[in-house]
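Undergrad: Mapping to the UniProt record's numbering: the sequence shown position 24 is 24, numbers consecutive. Ideal placement from N, C-alpha and C gives every residue a C-beta, glycine not left out. For clarity, every value in this text was computed on a predicted model and none was experimentally measured. Sending over a structure as structure tokens; questions will come in a sec.
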Amino acid sequence: MFVPWRDISAVVLFKQQAGMAKVPYIALHGPAPWQDPGAPRGEKLRKINATLIPQAPDAAVLASRAINGWKLDHGPLTAAIQENAPHVSLCVMK
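Listed below in structure tokens is the structure:
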């Protein structure tokens, strides 16, 4: 999924409980909700996400990716946002 910087209002980082572990996610949030074309859809899934990830906005969860098998370096991410899209905020959900 490609989203131009101009269409992004926030990059959201959150964690989802998965058994004994918490899986980190990165998501995009914008004025219009996006959804990965290959992602599951529906009201039932939205309710499940709201229960499992209450701290993250619904729209961001639909456009998210698990940080699994790779490490997100917050320094370069912050620098890229500041350089390419200073209007974009970085939100770390607890």
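Measuring CA to CA, which of W70, L90 and K94 is closest to T78?
TA: L90
Undergrad: Less than 8 Å between C-beta atoms, sequence neighbours within five positions excluded: which residues of the same chain meet that for V88?
TA: W5, I8, S9, A10, V11 and I81
Undergrad: Could you tell me which of V61, P76 and M20 sits nearest to L13, measuring between CA atoms?
TA: V61
Undergrad: How big is the Cα-Cα spacing for K15 and H74?
TA: Distance between the alpha carbons of K15 and H74 is about 15 Å.
Undergrad: Taking the DSSP output, what are the residues bridged to S64?
TA: DSSP lists A27 as partners of S64.
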